[in-house]
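In order, the protein sequence lines correspond to chains A and B.
Heads up: the first sequence runs through residues 1 to 368, numbered per my numbering.
Heads up: the second sequence runs through residues 369 to 736, numbered per my numbering.
To start, the structure under review is shown below, and the notes come after it.
Protein chains: 2
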Amino acid sequence: MTSTRDDSHGALIARTVASISTPDLEARARAAARQSQLTKPPGSLGRLEALAERIAGITGADRPRLERRLVVVAAADHGVAAQGVSAYPSEVTAQMVANFLAGGAAVNVLAAHAGARIRVVDAGVAAETPLDPRLVRLRLAPGTADFTREPAMSRAIAERAVAEGIALFEAERASEGTDIVACGDMGIGNTTSSAALIAAVTGRPPSTVTGRGTGIDDARYEAKVAAIEAALALHRPDPSDGIGLLAAIGGLEIGVLAGVYLAAAAARVPAVIDGVISGAAALVAQAIAPRTVDFLIAGHRSVEPGHAATLEYLQLEPLLDLGLRLGEGTGAVLAITLCVAACRLLDEMATFEQAGVSDSDGVVPPEA
Amino acid sequence: MTSTRDDSHGALIARTVASISTPDLEARARAAARQSQLTKPPGSLGRLEALAERIAGITGADRPRLERRLVVVAAADHGVAAQGVSAYPSEVTAQMVANFLAGGAAVNVLAAHAGARIRVVDAGVAAETPLDPRLVRLRLAPGTADFTREPAMSRAIAERAVAEGIALFEAERASEGTDIVACGDMGIGNTTSSAALIAAVTGRPPSTVTGRGTGIDDARYEAKVAAIEAALALHRPDPSDGIGLLAAIGGLEIGVLAGVYLAAAAARVPAVIDGVISGAAALVAQAIAPRTVDFLIAGHRSVEPGHAATLEYLQLEPLLDLGLRLGEGTGAVLAITLCVAACRLLDEMATFEQAGVSDSDGVVPPEA
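Spelled out as structure tokens, the structure:
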């Protein structure tokens, strides 16, 4: 799965970006037409109707089936954690990777609940991670550098992270099939990198898009905002340069997830955004290829303030609003259950004609 | 299942009300204590944590499992439909009952999605319904009377409807087991009855709690509000008399669902409210037994304005907000998937100690 020559990474990204098309408006219209014939008052299934129609447009299928469900959980460490921005030590990143492999984390439970398989990726965890064949051990670097002092990573590594995300998604799709993908993360310090990316792309002041992550006190919160302000002043990243954003203030897991979004869009597979990190990766993906946004679904509204800014920027309305702020893909995989429900309704409900039910004009269709 | 002597109905209701206790605060506290040991930052699963703890309190189990899931869909007709309050003719009620039995309605698809079985009840459909052994054919009356002119039903029939709901739930629980129940409805004209009940119980003006149901135009909307105002002026129902409310302005399916809520509360089984009709039934149940509310879960926020008033009155916060307004139990059964997810997280996640993950003090528990 790992490409070896650096120039091939840029080529893979360029090829993927070039193959991202637009939603299939005809499939979407056929789905909407079917929706109007199903045994329910028009519009009475609310956002589930719009959701199924969006997925029809993304996939190009009139009656999409979301049977093969994937959650990608990408993990990495962050040099900025040295600035005291998290309540947890960096060792937790590797410990949680082990927990994902053992099946004990929240995302494991919710993936089982949603009938989704999990692919865990060590994009660049500082501590050692298990030699487990189920773990994709990219280990692109032992975490990022502290971006308050220097770029988080080189452009070459940033490109490689995105390319690895693309390759990973393509391999998953080729081997086990993927009808929908949820993008999750793990990485102590990664809400700091995400808030920096969100501030850089949306142009909002860091203090308005920075939250308390795992749950930090006032002193750490001030250190977090200060770190982001320092990084933006130091690097002045160009918001339209996705690779440049990643290299300056991003994370290795964020790069991998950005690659997954690009590959999913190219393959016409709906990709579900989780929380603030997953959302920041979507901002990076749209900086690389703006059309990616048309293939995304916002899983939930995280309580992290930067997430609302991200979704507003991407013009996406989240499906769930349950006060989640865990990451790992938990909100996204829970939202997959709603996507599945919406598509099953479109596919499996009877029409007025099939069921012999009168429509709002009081007419039972003739074949009933 | 059907009791034959009228006085036995009142006795069954009284016995059920007397056996409704309070949530088990110790089980709830044990669930909360376990929650704090699971591998996630405290509170990071947001409302899913509170939901699992509420279900622990309702059921009395520290780690509740919601394996046997039931949706009760009660159908009936409404005499007030003669006032031109709906976009659909009354025949649709019986046609939709047939659709439920054939598996073609939205609630069938969502129940399959949620792993729930459906029990369809003809509480009082005007037209003939199928002689299908899966249909509970109570047929307490051929629909209600037009409550703008006379009481919707007698007190004896109102009591019987509630008692049948209790007997139905108890029989379902005894035969196939029930760990959670969702309450759905079908009945042309029933948003009118529900809005009348909501106005009567909450004291709000009818125009503020009346919506457009299946989707009616301005003329029908005005007729609907006028019908409710006329009924309230005629009957002046006592908001603390649940049977009196049902008799004056209620519906047969609403009475059955109120009985299901009472029986579920008595059995410590969480009951999920769907939309505006299911919510009106919960108002009737709380008028009969105020403690019932502690055993309820609000599935979703319907777009019907009366539903928000109901949930505010009951002090319940809905789980989903997807713009649904179909009824049938669709929003409630979709919310069951969230209840299941919340309980699985509480039950199945690893603790910090089990997983060898450092907590926020940076300490790996000693046995890791």
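Cβ atoms here follow ideal geometry from the backbone N, Cα and C, with glycine treated the same way.
Residue range of the beta strand (DSSP E) that includes residue i
{"i": "M349/A", "result": "No beta strand (DSSP E) holds M349/A; DSSP gives it neither H nor E."}
{"i": "L692/B", "result": "Element bounds for L692/B: n/a, residue is neither H nor E."}
{"i": "R137/A", "result": "L135 to R137"}
{"i": "R117/A", "result": "A116 to G124"}
{"i": "A442/B", "result": "R437 to A444"}
{"i": "A127/A", "result": "That residue, A127/A, is in no beta strand (DSSP E); it is neither H nor E in DSSP."}
{"i": "A764/B", "result": "Residue 764/B lies beyond the range of chain B shown here (369 to 736); nothing can be said about it."}
{"i": "G184/A", "result": "I180 to M186"}
C-alpha gap between residue i and residue j, whole angstroms
{"i": "G583/B", "j": "G623/B", "result": "24 Å"}
{"i": "L320/A", "j": "A152/A", "result": "32 Å"}
{"i": "P366/A", "j": "V440/B", "result": "Low per-residue confidence applies at P366/A: pLDDT is 38, beneath 50, and the placement is therefore not dependable enough to give any value."}
{"i": "V504/B", "j": "R487/B", "result": "8 Å"}
{"i": "R596/B", "j": "S561/B", "result": "The amino acid at residue 596/B is misidentified as Arg; the sequence shows Ile. Distance between the alpha carbons of I596/B and S561/B: 8 Å."}
{"i": "S36/A", "j": "V493/B", "result": "26 Å"}
{"i": "A219/A", "j": "V85/A", "result": "9 Å"}
{"i": "V340/A", "j": "R65/A", "result": "8 Å"}
{"i": "V201/A", "j": "G242/A", "result": "9 Å"}
{"i": "H9/A", "j": "F468/B", "result": "54 Å"}
{"i": "G667/B", "j": "G279/A", "result": "27 Å"}
{"i": "A653/B", "j": "I534/B", "result": "11 Å"}
{"i": "K224/A", "j": "G189/A", "result": "9 Å"}
{"i": "A111/A", "j": "S302/A", "result": "18 Å"}
{"i": "E317/A", "j": "V725/B", "result": "34 Å"}
{"i": "I645/B", "j": "A355/A", "result": "24 Å"}
{"i": "A635/B", "j": "I388/B", "result": "8 Å"}
{"i": "E222/A", "j": "P133/A", "result": "41 Å"}
{"i": "A368/A", "j": "A263/A", "result": "Reliability fails at A368/A, whose pLDDT of 28 lies under 50, so the model's placement of it is uncertain and the value that follows must be treated cautiously. Taking the straight line from one Cα to the other gives about 45 Å."}
{"i": "I585/B", "j": "E459/B", "result": "Residue identity check: residue 585/B is Asp in the sequence provided, not Ile. Those two C-alpha atoms are separated by around 20 Å."}
{"i": "I336/A", "j": "L311/A", "result": "17 Å"}
{"i": "T290/A", "j": "Y261/A", "result": "This sequence places Pro at residue 290/A; Thr is not what is there. One C-alpha to the other measures close to 11 Å."}
{"i": "M464/B", "j": "C551/B", "result": "16 Å"}
{"i": "L370/A", "j": "I55/A", "result": "In the structure as shown, chain A begins at 1 and stops at 368. Residue 370/A is therefore absent and cannot be evaluated."}
{"i": "D359/A", "j": "P457/B", "result": "9 Å"}
{"i": "A649/B", "j": "H446/B", "result": "15 Å"}
Sequence-distant residues of its chain with Cβ nearer than 7 Å to residue i (five each side left out)
{"i": "P391/B", "result": "G425, I426 and D662"}
{"i": "G545/B", "result": "R436"}
{"i": "I617/B", "result": "F515, A520, S561, A564, L565, A568, A599, H603 and P605"}
{"i": "A509/B", "result": "G492, M521, I525 and L620"}
{"i": "R580/B", "result": "Y589"}
{"i": "E417/B", "result": "Q403 and G411"}
For residue i, the first and last residue of its enclosing alpha helix (DSSP H)
{"i": "G57/A", "result": "R47 to T59"}
{"i": "L101/A", "result": "E91 to A102"}
{"i": "A29/A", "result": "L25 to Q35"}
Own chain partners of residue i with C-beta closer than 6 Å, once the 5 adjacent residues on each side are dropped
{"i": "A238/A", "result": "Contrary to the premise, residue 238/A reads as Asp rather than Ala in this sequence. If we look at D238/A and ignore the five residues flanking it on each side, its Cβ neighbours are G244."}
{"i": "A230/A", "result": "T148"}
{"i": "A94/A", "result": "V125, A127 and T129"}
{"i": "L706/B", "result": "L687"}
{"i": "L314/A", "result": "V293"}
Spatial neighbours of residue i in its chain, beta-carbon cut-off 8 Å, leaving aside the 5 residues before and after
{"i": "S154/A", "result": "A247"}
{"i": "L406/B", "result": "L713, L714, M717, A718, T719 and F720"}
{"i": "T370/B", "result": "Legend: pLDDT at T370/B = 48, less than 50; position of this residue unreliable, no value from coordinates given."}
{"i": "A287/A", "result": "V201, P239, S240, D241, G242 and L245"}
CB-CB length for residue i against residue j, believed under 8 Å
{"i": "L70/A", "j": "E170/A", "result": "That belief does not hold up - the Cβ atoms of L70/A and E170/A are roughly 12 Å apart, past 8 Å."}
{"i": "G511/B", "j": "A444/B", "result": "6 Å"}
{"i": "E328/A", "j": "D122/A", "result": "No, E328/A and D122/A are not in contact; Cβ-Cβ is about 14 Å, not under 8 Å."}
{"i": "K408/B", "j": "A106/A", "result": "6 Å"}
{"i": "R485/B", "j": "G323/A", "result": "About 31 Å separates the two Cβ atoms, so there is no contact after all."}
{"i": "V640/B", "j": "I548/B", "result": "7 Å"}
Which runs of the alpha helix (DSSP H) at least 4 residues long sit entirely within the stretch 192-278 of chain A? Give them in chain order. 206-209, 218-235, 242-249 and 252-266
Residue ranges of each alpha helix (DSSP H) within the stretch 137-175 of chain A, 4 or longer: 155-175
Can you give, in chain order, each stretch of the alpha helix (DSSP H) that sits fully within the stretch 272-316 of chain A and has at least 4 residues? 276-288 and 305-314
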